[in-house]
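Before any comments, here is the structure.
2 protein chains.
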Amino acid sequence: MKIEKSLLSGSTPMLVLALLKDGDKYGYEMIEELDRRSDHTFELKEGTLYPLLHALEKERFVTSYAKQTAGGRERKYYSLTSKGLEQLAYKEKEWRHFTTAVDAVLGFAVAEGNMSLAPAPATI
Amino acid sequence: MKIEKSLLSGSTPMLVLALLKDGDKYGYEMIEELDRRSDHTFELKEGTLYPLLHALEKERFVTSYAKQTAGGRERKYYSLTSKGLEQLAYKEKEWRHFTTAVDAVLGFAVAEGNMSLAPAPATI
DNA sequence: ACATATACCTCGGTCATCTATGTCTATTAT
DNA sequence: ATAATAGACATAGATGACCGAGGTATATGT
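Top to bottom, those sequences are chains X and U.
Oh and the first sequence: position 82 is 81 in numbering that gives the first Met the number 0, straight run, nothing missing.
Oh and the second sequence: position 53 is 52 in numbering that gives the first Met the number 0, straight run, nothing missing.
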């Protein structure tokens with residue numbers, strides 16, 4: 000199934016950080032891995048990923064280093080920092096909150112406790 | 000919890016259609032209803048909603064009519080068309096697919112059958 | 001009478017993603 | 001040997017979604 004691209008908007012940084020949680024990766028590899036893990040739902044474009052990686056590095060969520068392949072080709076590997084791991088945890092929490100809220104609007108039953116509802120105010 | 004606004008991007012039309020499934024509503028009412036149902040997660044702005052409603056009407060997903068309040072004020076009510084109902088069903092399906100794919104990338108266990116995986120091709 | 005809430009609307013800015021394009025190197029096909 | 005393809009990085013400009021800010025007008029509360 001093809002997903003309207005704007006749906007993905009906003010969750011891309013989280014997905015990239017999630018990929019790096021399982022080990023250092025280079026850009027091109029992330030695109031393939033994301034495509035594979037999502038069963039072809041997310042076909043991230045290079046024009047999206049590379050600028051995003053630069054932004055994540057600027058914010059110190061990831062660091063990068065160059066590494067040679069056996070063939071002599073150079074790759075730029077990215078590594079998750081502890082700050083990036085914290086950010087991932089935050090983004091995952093935000094993601095849970097978001098999907099719970101959408102499901103609530105769509106009218107799906109929500110398991111109690113999920114929405115962290117404030118206790119109902121006393122009606123005088 | 001505050002949600003980064005770009006997360007919502009793309010799912011807004013679905014949410015609006017979902018609201019109208021429960022009966023005709025006017026714009027201002029939808030904003031309040033969305034805020035209420037989502038426990039203040041979605042605070043849709045007028046600058047977002049009104050142009051969106053016009054677009055939905057243009058695509059024949061909704062129709063509109065004017066109606067007076069007891070006080071004499073005029074409101075513009077929107078009503079879901081059968082085409083809009085179909086669109087909502089499609090968008091909900093897309094939404095399920097999307098969240099399943101994100102969860103797969105995040106590494107959460109996925110209930111079997113959800114991802115509609117093609118049977119593994121025979122490896123010769 | 002004045003402020004606030006209700007109710008509609010539009011314009012322009014911001015930001016995320018994609019399209020298109022470019023570069024360079026390694027591998028595969030002819 | 002040479003051409004074509006795939007791998008790997010990068011950026012510029014277009015598109016599109018959402019919001020901020022502003023505008024108009026009526027009803028209600030003080």
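For each residue, glycine too, the CB sits at the ideal point set by N, CA and C.
query: Are Glu207/X and Met13/X closer than 8 Å when you measure CB to CB?
result: No information on residue 207/X is available, as it lies outside the stretch 0 to 123 that chain X covers here.
Check: Counting only beta-carbon atoms, is Thr40/X nearer than 8 Å to chain U?
Finding: Stepping through the first sequence from its first residue, residue 40/X is reached at position 41. It does; some Cβ of chain U falls within 8 Å.
| said: Quick check: is the beta carbon of Val101/U nearer than 8 Å to any beta carbon in chain X? | reply: Position 102 of the second sequence holds residue 101/U. With 8 Å as the cut-off, Val101/U counts as an interface residue toward chain X.
Could you check if Val15/X is buried or exposed, using at least 16 other CB atoms within 10 Å of its CB as the buried criterion? Translated into the one-based positions of the first sequence, residue 15/X becomes position 16. Buried, since its Cβ has 16 or more Cβ neighbours within 10 Å.
Discussion item. Looking at the secondary structure, which residues open and close the alpha helix (DSSP H) in which Glu56/U lies?
Written reply: Here the question's residue 56/U lines up with position 57 in the second sequence. Here the alpha helix (DSSP H) through Glu56/U covers Glu45 to Lys57.
Open item on the list: Determine, for Val61/X, whether the minimum Cβ-Cβ distance to residues of chain U falls below 8 Å.
Closed with: As a working mapping, residue 61/X is identified with position 62 in the first sequence. Closer than 8 Å: no.
Problem set entry | Per-residue contacts from Gly83/X into chain U (C-beta, under 9 Å) | As a position in the first sequence, residue 83/X is number 84, starting the count at 1. Near Gly83/X there are no residues of chain U at all, since even the closest Cβ is about 15 Å away, more than 9 Å.
Roughly how many angstroms separate the alpha carbons of Glu85/X and Val61/X, rounded to a whole number? Your numbering for residue 85/X matches position 86 in the first sequence. Your numbering for residue 61/X matches position 62 in the first sequence. Each residue's alpha carbon lies about 11 Å from the other.
Which residue or residues does DSSP assign as beta-bridge partners of Arg74/X? Position 75 of the first sequence, counted from the first residue, corresponds to residue 74/X. Arg74/X is bridged to Lys66/X.
- Message: Let's test the definition: count the other Cβ atoms within 10 Å of the Cβ of Tyr64/U and tell me whether it reaches 16, buried, or not, exposed.
- Response: Here residue 64/U is taken as the residue at index 65 of the second sequence, counted from 1. Result: exposed.
Drop a sphere of 10 angstroms on the beta-carbon of Phe124/X, count the other beta-carbons inside from all chains shown, and report buried for 16 or more, exposed for fewer. Summary: the structure shown does not reach residue 124/X, with chain X confined to residues 0 through 123, and so no result is reported for it.
Would Ser143/U and Leu33/X be called neighbours here (beta carbons separated by less than 8 Å)? Outside the modelled stretch of chain U, which goes from 0 to 123, sits residue 143/U, for which no answer is possible.
Assuming Gln67/U and Glu73/U form a contact by the criterion Cβ under 8 Å, report the distance between their Cβ atoms to the nearest whole angstrom. Here residue 67/U refers to the residue found at position 68 when the second sequence is read from its first residue. Here residue 73/U refers to the residue found at position 74 when the second sequence is read from its first residue. Rounded to whole angstroms, the Cβ separation of Gln67/U and Glu73/U is 6 Å, and the two are in contact under 8 Å.
Just the chain U side, please: which residues come within less than 9 Å of Met29/X by C-beta, in chain order? Within the first sequence, numbered from 1, the residue matching residue 29/X stands at position 30. Think of a sphere of 9 Å around the beta carbon of Met29/X: no beta carbon from chain U falls inside it, the nearest being about 11 Å out.
Secondary structure of Lys24/U, DSSP reduced to three states = By 1-based counting over the second sequence, the position of residue 24/U is 25. Of the three classes helix, strand and coil, the one that applies to Lys24/U here is strand, per DSSP.
Margin query: Taking the straight line between their C-alpha atoms, what separation do you get for Gly70/U and Leu48/X?
Written below: Working through the second sequence from its first residue, we reach residue 70/U at position 71. Working through the first sequence from its first residue, we reach residue 48/X at position 49. Near 55 Å, if we compare the C-alpha coordinates of Leu48/X and Gly70/U.
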